[in-house]
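Residue numbering for the sequence shown follows the working numbering, beginning at 5 and increasing consecutively.
Read through the structure below, which is laid out as structure tokens, and then see the notes.
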Amino acid sequence: MAVQTSTEPKLLPPRHPWRIVTAVVVLALLAALVLSLAANQNLQWGVVWSYLFDEAILYGLANTIVLTALCMAIGTVLGIVLAVMAMSRNPVLEWVAKAYIWFFRGVPLIVQLVFWFNLALLWPRIGLVMPLIGVDYSISTNVLITSFIASVLGLALHEAAYMAEIVRAGFLGVDSGQTEAARALGMKDGKLIRRIILPQAMRIIVPPTGNQVISLLKATSLVAFIAGGELMTAVQNVYSQNFRVIPLLLVATFWYLVVTTLASMVQGYLERRVGQGFSSMARKPNKA
């Protein structure tokens with residue numbers, strides 16, 4: 005029995021020697037950098053390890069996580085409301101939403117934080133005051149607007165402007181035919197958003213929302229400017245006493261990297277979760 009052999013030449017992948025050279029050079033530079041940092045006595049690694057799990061540092065880290073979660077929740081809810089308003093057929097609602105987004109995206113976050121922290125300079129007291137009839141249900145603004153409340157107001161209102169644009173992009177990504185069909189069946193706008201638009205828009209909303217969570221987590225470090233009690237404030241309080249600036253900044257860097265890495269893992273899981281139905285539909289062959 006004769007065995008047929010293929011006479012077609014096998015295609016070999018092209019060789020790229022410069023890729024190997026480039027990789028070796030990059031690895032050598034990275035190794036030199038790591039060795040330089042490890043051997044640098046000015047970094048004071050012993051101080052870094054001693055403060056890594058310090059009670060004050062962990063308390064600041066917990067405040068950072070709470071501040072991020074709280075502001076993200078408020079910003080997301082308010083962002084959905086603003087997105088609906090911006091797409092409304094009511095010109096007043098549309099104008100108000102777009103003006104809000106324009107203002108809070110345009111003013112730097114640090115300016116907003118300082119403004120809320122110094123709100124007492126504009127209104128010394130907040131509440132209901134009617135001098136003619138002797139009604140005074142007000143409270144001192146300095147008592148009401150603490151550094152933490154000012155941080156929540158600044159971060160949440162700033163985040164809402166960005167979330168509004170993300171949600172609006174997700175809404176626009178849903179096929180308009182489904183919206184028209186739902187309206188033809190008599191579905192109200194509120195139910196239409198909850199049942200039809202929002203579930204499908206999540207595939208578009210989740211990835212940039214995850215990025216916003218990570219950005220907000222890092223933006224909480226600006227709260228240290230008004231002593232908001234988060235991680236960077238805790239680090240500043242420590243190195244203002246022992247003057248070990250670089251080691252304490254390395255402690256902050258370590259914990260920020262840990263939390264952002266965990267947030268990225270959660271983001272990846274949610275992206276796969278919301279995209280399961282759409283990916284399975286894409287893989288399903290069409291039957292003629």
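C-beta atoms are modelled at their ideal positions from N, C-alpha and C, and glycine is treated no differently.
- Residues of the same chain with a CB within less than 7 Å of the CB of Met91, apart from the 5 flanking positions on each side, are Arg172, Phe175 in chain order.
- In the structure shown, Gly272 falls within a helical segment according to DSSP collapsed to helix, strand and coil.
- Between Trp259 and the set Ala154, Val270, Leu125, Leu221, the nearest pair of CA atoms involves Leu221.
- In terms of CA proximity to Ala267, Pro212 leads the group Ile114, Phe119, Pro212, Leu126.
- Straight through space, the alpha carbons of Ala73 and Asn215 are spaced by roughly 14 Å.
- The beta carbon of Leu113 sits closer than 8 Å to those of Gly158, Leu159, His162, Ala223, Leu226, all from its chain and outside the five residues before and after it, given in chain order.
- Rounded to whole angstroms, the gap between the alpha carbons of Ala101 and Ala231 is 31 Å.
- The shortest C-alpha to C-alpha distance from Val147 to any of Tyr141, Ile130, Ile137 is the one to Ile130.
- Positions of the beta strand (DSSP E) runs, each at least 3 residues long and wholly inside the stretch 185-231, cannot be given because no such run exists.
- Partner residues in the beta bridge of Ile143, as assigned by DSSP, are Ile130.
- Looking from the CA of Gln116, the closest CA among Ala186, Val25, Ala154, Gln240 belongs to Ala154.
- A residue is called buried once 16 or more other Cβ atoms fall within 10 Å of its Cβ, and Thr26, having fewer, is exposed.
- Per DSSP, reduced to three states, the secondary structure at Met91 is coil, with no helix or strand assignment.
- Contact between Val52 and Pro251 holds: their C-beta atoms lie close to 5 Å from each other, under 8 Å.
- Around the beta carbon of Ile149, 16 or more other beta carbons sit within 10 angstroms, so the residue counts as buried.
- Spatial neighbours of Ile78 in its own chain (CB-CB distance under 6 Å, excluding positions within 5 residues in sequence) are listed in chain order as Ala160.
- Distance from the CA of Val278 to the CA of Ile208, rounded to the nearest whole angstrom, comes to 9 Å.
- Within the same chain, and ignoring the five residues on either side of Gln182 in sequence, the residues whose Cβ sits closer than 7 Å to its Cβ are Ile200.
- Ranked by Cα distance from Ile170, the options Asp193, Lys192, Val210 are led by Val210.
- Across the set Val217, Val118, Arg93, Leu82, the C-alpha of Leu82 shows the shortest separation from the C-alpha of Ile105.
- Under the Cβ criterion (8 Å, minimum of three pairs), the stretch 235-253 does not count as touching the stretch 182-195.
- In the structure shown, the three-state DSSP call for His162 is helix.
- In chain order, Thr145 place their CB closer than 7 Å to the CB of Trp127, counting only its own chain and leaving out the 5 sequence neighbours on each side.
- When the beta-carbon positions are compared, Ala238 and Ile61 come within less than 8 Å of each other.
- Around Cys75, the same chain offers Val156, Leu159, Ala160, Glu163, Leu220 as residues with beta carbons nearer than 7 Å, after the five sequence neighbours per side are excluded.
- Under the three-state reduction of DSSP output, Gly233 falls in the coil class, being neither helix nor strand.
- Taking all protein chains in view, the Cβ of Tyr166 is crowded by 16 or more other Cβ atoms within 10 Å, so the residue is classified as buried.
- Separation of Ile84 and Leu41 (C-alpha to C-alpha, rounded to the nearest whole angstrom) is 46 Å.
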